[in-house]
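Each residue of the sequence shown is one higher than the one before, starting from 921 at the first, in the numbering used here.
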Amino acid sequence: MGDFQNSYDRIIRRLRELAFSQARLDAWGGLLLSFSALPIILLASMLADQALVLSQATRRIASFLAPACFLTVFGIYTIKKLLERPNLVAAAERVEAHFPQLKARLISTVQLWNRRKDSREGYSTDLIEATGQDAAEILGQLDLNTILNRTFLIRSYRILACSISAALIYSLLFPASFYYSQLRLTHPSSSYGSYISVRPGSMRLVRGFDLEVDALIWGRWPLRAHLLTEKKDTEPTKLRLERRGSGHFAGTLSEVNESFSYRVMARGVISPDYHISVLDRPAVVGLKMKYIYPAYTHLPPTVLDEGVGDISGLVGTKVILNGRSNVPLSYAAMFMDDSTVVLGSLTEENSFQISCDIKRDGTYHILIEDPDGNENEDPIHYRISAIDDEYPTVSIVEPGRDMNLPGDMILRLLISAADDFGLTRFYLVSKKGEEKKKVTIANLRGRRSEAEVSFDWDLSDAGLLPGDVVSYHVEVFDNDTYSGPKKSSSETFRVRFPTLEEIYTEVSQEQDLAAREIEGILPEQRRLREKLEELRKELAEQKSLSWEEKQSVEEVMERQKKLAEKVEEVARALDDVLERMESSFVIDQEIFTKMQRISELLSEVQTEEMRKAMENLREAMKELNPEDIKKAMSELLMNQEELNRRLERTLKILERLKQEQEMKRLAEKASEIEKQHKALSEETEKGGDTEKLAKEEEELRKELEELKKDMERLAEELKQSDTEVSEALQELSQNLEAQDVPGQMQQASQMLSGGERKSAAAKQKKIQKHLSSLSQGLKSAQSQMMASRAEEIDEAMKAAQSDLLNLSDAQEELNEMVATLESSTQSSPAVTARSQQALKEGVKKVAEKLSEAAKKSFFLTGALGRQLGAAIRNMEGSEQALESGDMRTAKNAGSSAVTAVNNAVKELMKSRKSLGSCSSAGGLSQALEKLSGMCSQQMGINKGVQSLFALTQEGGKLSLQARAQIARLAAEQRMISEQLSEIAKGLGEAEQLLGDLGALTRETEQAAKSLERTDVSRKLVERQERILSRLLDAQRSLRKRDYSPKRKAEVGQDIPWVKGPGALPPDLGGKEKMAQKDLLKALKEAYPKEYEKLIRAYFKSLAK
């Protein structure tokens, strides 16, 4: 029972709380409504007083009406709400209406609880109590504050806000009326007369503006009103105002230009005095501009004095405008023609500052405003001229033209660029086919408006093959950091990888041209000699020359001079060819060397003796001495004969070189045809386009026909000079004709055109065998020529070695004889001296033979010449001592001669060993190949070390992976050092031809040790750069060992055989054989990609 009663009590308590809360909200609303009655009654009373001019009694009633209304509303809506007894049933109904989950349990409990025991209706007590308990549980879970009605409170707030706002608005709009009315209403017992309210009152007026005066008269309304104005030191002026309503008068003063005072007067009532201060309209009376240029221009700021307001400057320039006004300001701004507004700042009372950036062309005007809101009238519109930063200019000065790829595969570029403010980045953009590459050339720092940049473009890794073309241009960017760097491009040039056919053709054409020139010079030279001989005979018979004969002599000398100039032109042309060969892909080192020798021969044709003989003849002609003239003519005839011999020798060597070169070209062409046909055959089997394959087959047939004609022509030329090679070429040509290889190729082409793929493939296989046989045959013929030369050089050295050994034995026997004669009284020194002379002559003959051999090989070193010279000197000393009977001196000199001869034999053995180790009578091809391979390895090592050095410079620690890389690089560097040591040992003194390999070996050894110590320093990087440079120099030394376009003067040395053959040159030996041909072929072979870089690097270094 107690639980049910507690539930009911909780319900009643919650409902009472709800009722009290609602009553408090309504009481607050009543209070607000009461307060809102005050401004409403006050505003209504003011309006009534203004309209009707209320009497004192009426004003007293109005003054009591306001508090009465307040109290009435307060009592009804506030006090009553607070005193009312809460209606629990109504509260329950409100709760039931908002919370349907109660399902009438709450209202049933409130209505039936007190009647549950004595209910006449017979309601169940238990049911009522259970319902009450359920209602209490549900009610306890509900938030009854959500059902409070706040509508009355909110409406009261709004009414109060509106009433107060209306009163405030009225007081702001009509302050005088508000003040006057509230004064009358708050003092209802006081008596107030008429009152005049004047607008605008005292104010500041812009000069030239109209002034409109409004007057409101309170109290008794007059019929007329006047405006009294008074200027300084002048009489007052009276103006009648226009009546516009009850108590309302107005008038206008036009174009006010002076300050004055004024008041309004009506029916004896006078308003207070007001003052109008006339002000000038704001105007810009001074404008200065400061230009702050973009930082990248490095230009100092510029200040322009007061003047025109037009702005002109570089895009991105900041312009600061400092202006002055004639009046104090409150506002300044710049208005652009694109509606952009830039607000200014006031620096002083009548000064302003505006900053803007020049971005585009346009116009602007400046708007200023004084504290009264007056703006400048018709502001001036100024121009803005934006000057764009110019685009840079760039050109490739060198080479500045399309050209063939240089031999070292490095295209040296000289780029010239300029910009108005500065340059930053240079890029080289190249294109091969559809592939484009962009390489950074330079990044300039600081302000450099002009620059010349050199760049060595290494094309060795560009994957070029003969016939490929690479187009390129240079892009340059300026330093514009405001609008963004602008780019310009140079003219586009092309670099072409020449084919072997083109190289051979170019060299052959130059050789043909030189041969034709020499062939044209020789007959003319012979005619000149014959003419000079006739003149000499006539002089011998007549003892004097007639005037006509003197003219003939002068003509002969003039023609001789012109012929000499022609020879020099041919020599210069060959020098130009040599320079192009040296900077391009030289066909073969041996051909290059022979071309050098031909150029030297031509340079030596016009000797100093020839020039001196012509000068002597010219001087003799002036003196008219017959003997001197005959002598000078004889000298000139002798020199002419020598010149003829040299020209004929040069022509023969040139013809022989052309034949050898043509032989090489034929071998290369045959190999190329074989390779292309093999690829064509494979494409046929794979199912390629038969029409395309047929055309290619036909093209190869034509090339083979041309090759056959060239073979026959060369065979005919070689009949006299090289019978075996001529016969081999004839046999190969006959085989082609007998087997009708061109005809078979034509048949294969027709089969492909007819779609007979299988038949064509079978035919192509047969053709391939014939082409392979042809290629091998031409290579064999070429090798045969090289082998015969190698054998010739080796035989010469072998014979010299044998002769020197015999001479050494004979000298030892002679020395023993001299020793015997020294102790004997019956000596025959004369017989012994003759023996010594014979041995000396024998050594001289060997020296002469070796001197001839030295013209064909550089393996006969200077040491050999020095030893033979020492032997001859000692033999001469022994011979002289024997003739004078000085046996002791003869014995010592003979012993020294033996030692020198033996040392010469040792040098010969070394030279033969070096010759054999290189497998070629013409050069150090194996050593050169090893050096080229080492160049590639050293390049890789250098790149690795440089990347590691950059890592250490950035402050990073070497990881385990980096240390492992250093160990690998150290092992590779030591391997290069060991290979260099082996090459130096194998070459003996010939290694000096490659430079000081010993010093280079020591450098590589030091670099290896530094890497083993993990000492990755700048010093190591520089050392490795030196190593690579010297490796390349070692290869270049082979190509330049003989070539010297100009004679070089050297201090004379004591050579023992100056009376006999000349001293052996230091580079005595066989002709070196360059591997360029094989490399060019290798580039076309299907080698793995990882080998292509090494092949190209070798070719690049070899061509230097």
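Glycine included, C-beta positions come from ideal geometry on N, C-alpha and C. Keep in mind it's a predicted model, so treat the numbers as computed, not measured.
Item to check | Proximity to threonine 1921 [Cα-Cα], best of Gln1581, Gln1893, Ile1274 and Glu1942 | outcome: Translated into positions along the sequence shown, residue 1921 becomes position 1001. Of Gln1581, Gln1893, Ile1274 and Glu1942, the residue nearest in Cα terms is Gln1893.
Item to check | Other residues of its chain near threonine 1344: CB distance less than 7 Å, five sequence neighbours each side excluded | outcome: Within the sequence shown, residue 1344 is the residue found at index 424, counting from 1. The residues are Asn1363, Leu1364, Phe1397, Asp1398, Asn1399 and Pro1405.
Checklist entry - Nearest to alanine 1587 by alpha carbon, out of Ser1472, Gly1697 and Leu1900? => result Here residue 1587 refers to the residue found at position 667 of the sequence shown. The shortest Cα separation from alanine 1587 among Ser1472, Gly1697 and Leu1900 belongs to Gly1697.
Checklist entry - Do the region 1380 to 1398 and the region 1334 to 1353 meet, that is, are 3 or more Cβ pairs less than 8 Å apart? => result yes
Checklist entry - Any idea what DSSP makes of lysine 1001, helix, strand or coil? => result Taking the first residue of the sequence shown as position 1, residue 1001 is located at position 81. DSSP places lysine 1001 in helix when its eight states are reduced to three.
Next on the checklist: Can you tell me whether isoleucine 931 is buried or exposed? The criterion is at least 16 other CB atoms within 10 Å of its CB, across all chains shown.
Outcome noted: Residue numbering aside, residue 931 sits at position 11 when the sequence shown is read from its first letter. Buried, because 16 or more other Cβ atoms sit within 10 Å of the Cβ of isoleucine 931.
Checklist entry - Across which residues does DSSP place glutamate 1268 in a beta bridge pair? => result Locating residue 1268 in the sequence shown gives position 348, counting from the first residue. Ser1271, per the DSSP bridge assignment.
Checklist entry - Are there three or more Cβ pairs, one per stretch, closer than 8 Å when the region 1306 to 1316 is compared with the region 1257 to 1275? => result no
Checklist entry - Terminal residues of the continuous alpha helix (DSSP H) containing threonine 1643? => result Locating residue 1643 in the sequence shown gives position 723, where the first residue counts as 1. Counting along the chain, the alpha helix (DSSP H) containing threonine 1643 begins and ends at 1643 to 1658.
Item to check | Close-in-space but distant-in-sequence residues of the same chain around leucine 1727 (CB under 8 Å, 5 per side omitted) | outcome: On the sequence shown, position 807 is the one that residue 1727 refers to. Excluding residues within five positions, the ones whose Cβ falls inside 8 Å are Leu1759, Gly1762, Val1763, Val1766 and Val1821.
Item to check | Inter-residue spacing [alpha-carbon to alpha-carbon] between glycine 1188 and glycine 1165 | outcome: Locating residue 1188 in the sequence shown gives position 268, counting from the first residue. Locating residue 1165 in the sequence shown gives position 245, counting from the first residue. If I take the Cα positions, the gap works out to 19 Å.
Next on the checklist: Taking 6 Å as the limit between beta carbons, can you name the residues of its chain near leucine 1008, skipping five residues before and five after?
Outcome noted: What you label residue 1008 is simply residue 88 of the sequence shown in a count that begins at 1. Around leucine 1008: Leu935 and Val1030.
Next on the checklist: Helix, strand or coil, according to DSSP, for tyrosine 1213 in the structure here?
Outcome noted: Residue mapping note: residue 1213 aligns to position 293 of the sequence shown, counting from 1. Coil, per DSSP.
Checklist entry - What residues match up with lysine 1356 in a beta bridge as DSSP calls it? => result Taking the sequence shown and counting its residues from 1, the one referred to as residue 1356 is at position 436. DSSP output for lysine 1356 lists Lys1351 as bridge partner(s).
Next on the checklist: By the three-class DSSP mapping on this structure, what secondary structure does valine 1126 have?
Outcome noted: Along the sequence shown, read from residue 1 onward, the residue named residue 1126 stands at position 206. Three-state result, valine 1126: strand.
Checklist entry - Are at least three pairs of beta-carbons, each pair with one atom in the region 1220 to 1230 and one in the region 1297 to 1305, less than 8 Å apart? => result yes
Next on the checklist: Need the endpoints of the beta strand (DSSP E) that leucine 1263 sits in, please.
Outcome noted: If you number the sequence shown from 1, residue 1263 lands on position 343. From DSSP, the beta strand (DSSP E) with leucine 1263 extends over 1261 to 1263.
Item to check | Buried versus exposed, by CB contacts within 10 Å (16 or more), asparagine 1069 | outcome: In the sequence shown, counting from the first residue as 1, residue 1069 sits at position 149. Looking at its Cβ environment, which holds fewer than 16 other Cβ atoms inside 10 Å, asparagine 1069 is exposed.
Next on the checklist: Assuming the contact rule is C-beta atoms closer than 8 Å, alanine 1186 and arginine 1144 should be a hit. Round their C-beta distance to whole Å, please.
Outcome noted: If you number the sequence shown from 1, residue 1186 lands on position 266. If you number the sequence shown from 1, residue 1144 lands on position 224. Indeed, because the Cβ distance is near 7 Å, the residues count as touching under 8 Å.
Checklist entry - If you draw a straight line from the alpha carbon of arginine 1677 to that of leucine 1433, how long is it in whole angstroms? => result Working through the sequence shown from its first residue, we reach residue 1677 at position 757. Working through the sequence shown from its first residue, we reach residue 1433 at position 513. Spanning the two alpha carbons is a distance of roughly 47 Å.
Item to check | Simplified DSSP state of glutamate 1488, which is helix, strand or coil | outcome: Reading the sequence shown from its first residue, position 568 is the one you call residue 1488. Note: glutamate 1488 maps to helix in three-state DSSP.
Next on the checklist: Three or more C-beta pairs under 8 Å: does that hold for the region 1191 to 1207 against the region 1121 to 1128?
Outcome noted: yes
Next on the checklist: Can you find the residues in the same chain that come closer than 7 Å, C-beta to C-beta, to lysine 1358, ignoring five residues on each side of it along the sequence?
Outcome noted: Within the sequence shown, residue 1358 is the residue found at index 438, counting from 1. Closer than 7 Å at Cβ, skipping near neighbours: Tyr1347 and Val1349.
Next on the checklist: Taking only three categories from DSSP, how would you classify glycine 1188?
Outcome noted: Taking the first residue of the sequence shown as position 1, residue 1188 is located at position 268. Residue state, collapsed to three classes: coil.
Checklist entry - Whose CA, out of Leu1600, Asp1806 and Arg1446, lies closest to the CA of glutamine 1684? => result In the sequence shown, residue 1684 corresponds to position 764, counting from 1. Ranking the options by Cα distance to glutamine 1684, first place goes to Leu1600.
Item to check | Cβ pair valine 1118, serine 1191 closer than 8 Å | outcome: In the sequence shown, counting from the first residue as 1, residue 1118 sits at position 198. In the sequence shown, counting from the first residue as 1, residue 1191 sits at position 271. Closer than 8 Å, so yes.
Checklist entry - Across which residues does DSSP place methionine 1323 in a beta bridge pair? => result For this step, residue 1323 is matched to residue 403 along the sequence shown. Answer is Val1415.
Item to check | For phenylalanine 1417 and isoleucine 1330, the rounded distance between their alpha carbons | outcome: Your numbering for residue 1330 matches position 410 in the sequence shown. Your numbering for residue 1417 matches position 497 in the sequence shown. Approximately 12 Å between the Cα atoms of the pair.
Next on the checklist: So, for leucine 1002: in the same chain, excluding its five sequence neighbours on each side, which residues have a beta-carbon less than 8 Å away from its beta-carbon?
Outcome noted: Within the sequence shown, residue 1002 is the residue found at index 82, counting from 1. Excluding sequence neighbours, leucine 1002 sits near Ala943, Arg944 and Ala947.
Checklist entry - Which residues in the same chain as methionine 1631 place their Cβ atom closer than 7 Å to its Cβ, once the five residues preceding and following it in sequence are excluded? => result Along the sequence shown, read from residue 1 onward, the residue named residue 1631 stands at position 711. Closer than 7 Å at the Cβ level, and outside the excluded window around methionine 1631, lie Leu1586, Leu1649, Leu1652 and Ser1653.
Next on the checklist: Helix, strand or coil for isoleucine 1084? Go by DSSP, reduced to three states.
Outcome noted: Start at 1 with the first residue of the sequence shown, and residue 1084 comes out as number 164. Of the three classes helix, strand and coil, the one that applies to isoleucine 1084 here is helix, per DSSP.
Item to check | Alpha-carbon to alpha-carbon, serine 1673 and tyrosine 2011 | outcome: In the sequence shown, the residue the question calls residue 2011 occupies position 1091. In the sequence shown, the residue the question calls residue 1673 occupies position 753. Low confidence applies to tyrosine 2011: its pLDDT is 40, below 50, so where it sits in the model is not reliable enough to give any reading.
Checklist entry - From glutamate 1370 to lysine 1612, what does the alpha carbon distance come to, in whole angstroms? => result Counting from 1 along the sequence shown, the entry for residue 1370 is found at position 450. Counting from 1 along the sequence shown, the entry for residue 1612 is found at position 692. C-alpha separation (whole angstroms): 53 Å.
Checklist entry - Nearest-angstrom Cα distance between serine 1856 and proline 1662? => result Within the sequence shown, residue 1856 is the residue found at index 936, counting from 1. Within the sequence shown, residue 1662 is the residue found at index 742, counting from 1. Cα to Cα, serine 1856 sits roughly 43 Å from proline 1662.
Item to check | Candidates Ser983, Arg1025, Val1751 and Ala1750, of which the one nearest glutamine 1053 by Cα | outcome: As a first step, residue 1053 is located in the sequence shown; it is residue number 133 there, counting from the start. Considering only alpha carbons, the answer is Arg1025.
Next on the checklist: Could you tell me which whole beta strand (DSSP E) segments of length 3 or greater appear in the region 927 to 983?
Outcome noted: none
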